[in-house]
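Participant: Shown below is the structure under consideration.
Protein chains: 2
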Amino acid sequence: MNVVNLKRKRFLEVSLKLIHEKGFKGTTMRDIATQLNCDVANVYNYVDSKQALLEEKLFEISGAFHESINNILISSYSPVDKLKAIVSFHIQLTSRRPFEVALLVNEWRNLKEPILSKFLEEKGGYEDKVRSIIKEGINSGVLRDMDLEIATFAMLSSIRWLHDKYTDPAKTVNPIELEKQISDFILEGIRA
Amino acid sequence: MNVVNLKRKRFLEVSLKLIHEKGFKGTTMRDIATQLNCDVANVYNYVDSKQALLEEKLFEISGAFHESINNILISSYSPVDKLKAIVSFHIQLTSRRPFEVALLVNEWRNLKEPILSKFLEEKGGYEDKVRSIIKEGINSGVLRDMDLEIATFAMLSSIRWLHDKYTDPAKTVNPIELEKQISDFILEGIRA
DNA sequence: CTTTTACATCAACAAGTGTTGATATAAATA
DNA sequence: TATTTATATCAACACTTGTTGATGTAAAAG
Numbered sequence: 232m233n234v235v236n237l238k239r240k241r242f243l244e245v246s247l248k249l250i251h252e253k254g255f256k257g258t259t260m261r262d263i264a265t266q267l268n269c270d271v272a273n274v275y276n277y278v279d280s281k282q283a284l285l286e287e288k289l290f291e292i293s294g295a296f297h298e299s300i301n302n303i304l305i306s307s308y309s310p311v312d313k314l315k316a317i318v319s320f321h322i323q324l325t326s327r328r329p330f331e332v333a334l335l336v337n338e339w340r341n342l343k344e345p346i347l348s349k350f351l352e353e354k355g356g357y358e359d360k361v362r363s364i365i366k367e368g369i370n371s372g373v374l375r376d377m378d379l380e381i382a383t384f385a386m387l388s389s390i391r392w393l394h395d396k397y398t399d400p401a402k403t404v405n406p407i408e409l410e411k412q413i414s415d416f417i418l419e420g421i422r423a
Numbered sequence: 232m233n234v235v236n237l238k239r240k241r242f243l244e245v246s247l248k249l250i251h252e253k254g255f256k257g258t259t260m261r262d263i264a265t266q267l268n269c270d271v272a273n274v275y276n277y278v279d280s281k282q283a284l285l286e287e288k289l290f291e292i293s294g295a296f297h298e299s300i301n302n303i304l305i306s307s308y309s310p311v312d313k314l315k316a317i318v319s320f321h322i323q324l325t326s327r328r329p330f331e332v333a334l335l336v337n338e339w340r341n342l343k344e345p346i347l348s349k350f351l352e353e354k355g356g357y358e359d360k361v362r363s364i365i366k367e368g369i370n371s372g373v374l375r376d377m378d379l380e381i382a383t384f385a386m387l388s389s390i391r392w393l394h395d396k397y398t399d400p401a402k403t404v405n406p407i408e409l410e411k412q413i414s415d416f417i418l419e420g421i422r423a
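So, in C-alpha cells, the structure goes:
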C-alpha cells in the first residue's frame, strides 16, 4: 500500500531469494543490505533480528498448510479426493510463493529451541493427518494395502520438492497440468 | 586397521553426524573437537580444511551413485527393471551410509565455485540418465504417456529423502521390504 | 510551524569463525 | 638407541558475524 510496506515487501523478497540461494546461515545481513543498496543497519528497519525473520516467515507459510489440511480433513471428500486436494493446494501455494515454501522445506533446521520443538510438533501433526487419510483409504479398499508409513512418506516426498520448479524462473510450469501429473503419479504410478 | 585410520574414521563419523544435525555451516570445527574430546587444532590431523571435508565426502558418495547408474544404464535390463535397480541401489547405499547420503542431499549448496558448478553438472548428468530410461519406457509403451520431466522429477523425489529413515536410529527399516514398497509406489501408485 | 515518523549513514562492539604455529609427548619405526 | 610419526595442548591470528547507538535528514502528521 504505502511506501513503508512496499520497502518492507522488497526487503522480504530479497531476503527470501538470498536465503534460497545461499541458505539461511550462509546469508548475512550485509548480503541483504547490499542487494537492497543500503547500509546494514538499515535492514533492522524491517525486522527485529535475523532469527525473527526466519521464524515469522516459516510459521506464516507453515500456518497456511495447516489451515488447508484441516479444512480438507473435515470435508466430506473421499480419501482419494482429499489426497488430490492436498496436492492441489500444495501446488497452488508453491506456485504463488515458491521461496517461502522453499524456506519451509529447507531451513526449519535453523530454528532454535524451544521454537524448533514447537515446529517439529506441528510438522508431525501434519504428517499424522495425511497418514489418517491414507489409512482410511486403505481400510475402505480404495487404496492398495501397502505399508502405511511408507505410503505417507512417499506421498509427501513427491510433493515436498515442487518449489524447485518455481524458484527457477527458467522453468515455467502450468500449475493445473502439474497438479494432474502429480496426482496421477501418486495414485497410479508410472507403469502403463 | 591401525590406530590412525580408526581415529580418522571416528572423526568422519562424528563430523557427518554433527553436520546432519546442525548443518554444514552450523557445525564448527570446535563442535567436532568437543565431540571427539580433543582440542580444535587436533581436528586438522584428520582433514586439511572444513571445506575439504565437505568436498571429499560429497564427491565420494556422489561417485558411488554415478558408478551405479552407469552400470545400470548399459545393462540389458528392461526400462522398468532399470528403474527398479536404481531404487534398489539407492536404498542399499542409504541404509549403509545414511549420513553420507544426507550430506549429498542436504549440503551440496555449501560447495564453492568452481566445484559447485562441477557438482551441478554431474547432478544434471545423473538426472539425464534417469530421464533417458523413463523416456525409453514411455516410448516402448511399458510406462504411461506422462510428462517426461515430471515423471523424472517425481521418481527422484520419491527416493531422495530415504535417508531420513536411517539417520534416525529409532526407525528400523528392513531395506528389502522398503525396496519393494518404494518400487511399487513408483510403478503402481497407491490406488487399489 | 512543530513534531513525529521513516529512513539513511557511520562507527563500533562483542562474540564466534577457520586456521596456523610453536611446542610437548608418547608410540612406532629404523 | 635414534628417529620419525602421530597426537596433544595452548595461544593467537585475521576475519566475519549479528547487532546497537549516535546522528542526520526528509517527509508526513498534528
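Line by line, the protein sequences give chains A and B. When we follow the working numbering, the leftmost residue of the first sequence carries the number 232, and every step to the right adds one. When we follow the working numbering, the leftmost residue of the second sequence carries the number 232, and every step to the right adds one. Backbone N, C-alpha and C fix where the C-beta goes; we use that ideal spot for every residue, glycine too.
1. Determine the direct distance from the alpha carbon of serine 348 of chain B to that of phenylalanine 242 of chain A, and round the result to whole angstroms.
2. Which value, in whole angstroms, describes the spacing of the CA atoms of glutamate 331 of chain B and serine 306 of chain A?
3. Is the Cβ of arginine 422 of chain B closer than 8 Å to any Cβ of chain A?
4. Give every residue of the same chain whose Cβ lies closer than 8 Å to the Cβ of asparagine 301 of chain B, excluding the five residues on either side of it in the sequence, and list them in chain order.
5. Looking at C-beta atoms only, is the number of pairs between the stretch 402-418 of chain A and the stretch 303-321 of chain A that lie closer than 8 Å three or more?
6. Leaving out five residues on either side along the sequence, give the residues of the same chain with a beta carbon under 8 Å from the beta carbon of glutamate 353 of chain B.
7. Nearest-angstrom Cα distance between valine 404 of chain B and threonine 325 of chain B?
8. My output table needs one value for leucine 243 of chain B: the three-state DSSP class, helix, strand or coil.
9. Where does asparagine 276 of chain A land, buried or exposed, given buried means 16+ other C-beta within 10 angstroms?
10. Please look up how many angstroms separate the CB atoms of valine 373 of chain A and proline 310 of chain A, rounded, as I've assumed it's under 8 Å.
11. Would leucine 285 of chain B be called buried (16 or more neighbouring beta carbons within 10 Å of its own) or exposed?
12. Under a CB-based cut-off of 8 Å, is isoleucine 381 of chain A close to chain B?
13. Could you check whether the Cβ of serine 388 of chain B sits closer than 8 Å to any Cβ belonging to chain A?
14. Starting from the N-terminal side, write out each stretch of the alpha helix (DSSP H) that is 4 residues or longer and does not extend beyond the stretch 281-346 of chain B.
15. Using a threshold of 8 Å, state whether the C-beta atoms of lysine 366 of chain A and glycine 254 of chain B are closer than that.
16. Would you check if the distance between the CB atom of threonine 383 of chain B and the CB atom of glutamate 344 of chain B is smaller than 8 Å?
17. Can you look up leucine 418 of chain B in the DSSP assignment and give me helix, strand or coil?
18. What are the boundary residues of the alpha helix (DSSP H) that includes alanine 385 of chain B?
Facilitator: So, to answer that:
1. 28 Å
2. 42 Å
3. yes
4. Lys360
5. yes
6. Ser293 and His297
7. 11 Å
8. helix
9. exposed
10. 6 Å
11. buried
12. yes
13. yes
14. 281-304, 310-327 and 329-338
15. no
16. no
17. helix
18. 379-391
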